Ligand code: ADP
């Protein structure tokens, strides 16, 4: 059984086996939660991202996929980087957003991570409406078979926390 918990706060302050990053496909850093994770996690994370890019992820990490690195100085063993889709009003990309959560859980299972902290992927610069993102995130984590025992959503502001709370029921 996976217990879903919601907290409001900064994911870089969380303690978990794995912390999920809403990365971009370059894996070389960005703004939002990605910038915060690299800032607090220190250079070891970027160094490992660079070596992934030099290896099998030469073209970057595709949208909807996930890959793990060290968590550097964060209070976690791993960072799982996933690339959310940019929201579109003309195309339904919800399968790709669901895939971010499913693939992150699959990578967590491979690593043996039992507690995983997630941000609200795609709801910042990628503009996904919070209520819809919360529905997809919660439905996907609820229905994906996994050995993860705690999936903790770490929502940065009150609006995001409320959107997830009203869906978590
Ligand atoms: P994306 O490009 O996937 O939209 P962003 O980082 O821009 O990624 O935003 C994703 C979500 O992460 C947004 O809801 C944003 O408010 C939130 N966020 C930003 N910084 C943090 C942080 N330090 N901890 C948790 N969530 C954060």
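Numbering (the working numbering), first residue to last: -19 to 149.
In this text, a Cβ means the ideal position worked out from N, Cα and C, and glycines have one as well.
Bear in mind the structure is a predicted one, so any value in this text is a computation, not a measurement.
heavy atom of the ligand ADP below 7 Å from residue i C-beta
{"i": "residue 14", "result": "yes"}
{"i": "residue 44", "result": "no"}
{"i": "residue 102", "result": "yes"}
{"i": "residue 53", "result": "no"}
{"i": "residue 95", "result": "no"}
{"i": "residue 160", "result": "The requested residue 160 is not part of the displayed model; the chain covers only -19 to 149."}
{"i": "residue 121", "result": "no"}
{"i": "residue -9", "result": "yes"}
{"i": "residue 136", "result": "yes"}
{"i": "residue 150", "result": "The chain is shown only over -19 to 149; residue 150 falls outside these bounds and no answer can be derived."}
{"i": "residue 105", "result": "yes"}
{"i": "residue 140", "result": "yes"}
{"i": "residue 64", "result": "yes"}
{"i": "residue 109", "result": "no"}
{"i": "residue 99", "result": "yes"}
Residues near residue i in its chain [Cβ-Cβ closer than 6 Å; skip 5 each side]
{"i": "residue 87", "result": "46, 48 and 60"}
{"i": "residue 40", "result": "5 and 6"}
{"i": "residue 22", "result": "52 and 53"}
{"i": "residue -17", "result": "130"}
{"i": "residue 84", "result": "0, 46, 60 and 62"}
Selected residue, minimal CA-CA separation from residue i, among the options
{"i": "residue 153", "options": "62, 132 and 137", "result": "Because residue 153 is not part of the residues shown, which for the chain are -19 to 149, the question remains open."}
{"i": "residue 101", "options": "113, 146, 92 and -18", "result": "113"}
{"i": "residue 1", "options": "140, 80, -17 and 146", "result": "80"}
{"i": "residue 118", "options": "149, 67, 139 and 105", "result": "149"}
{"i": "residue 73", "options": "92, 107 and -16", "result": "107"}
{"i": "residue 67", "options": "116, 50 and 24", "result": "116"}
{"i": "residue 93", "options": "110, 142, 58 and 137", "result": "58"}
{"i": "residue 78", "options": "29, 140, 105 and 123", "result": "123"}
{"i": "residue 109", "options": "89, 139 and 38", "result": "139"}
{"i": "residue 27", "options": "70, 16, 50 and 37", "result": "50"}
Chain-order list of residues whose beta-carbon lies under 7 Å from that of residue i (same chain, five-residue window excluded)
{"i": "residue -9", "result": "-1, 13, 97, 99 and 134"}
{"i": "residue -4", "result": "56, 95, 96, 97 and 132"}
{"i": "residue 76", "result": "43, 44 and 65"}
{"i": "residue 11", "result": "105"}
Own chain partners of residue i with C-beta closer than 8 Å, once the 5 adjacent residues on each side are dropped
{"i": "residue 19", "result": "-8"}
{"i": "residue 137", "result": "-12"}
Is there contact here, the region 26 to 41 with the region 121 to 139, by at least three beta-carbon pairs under 8 Å? no
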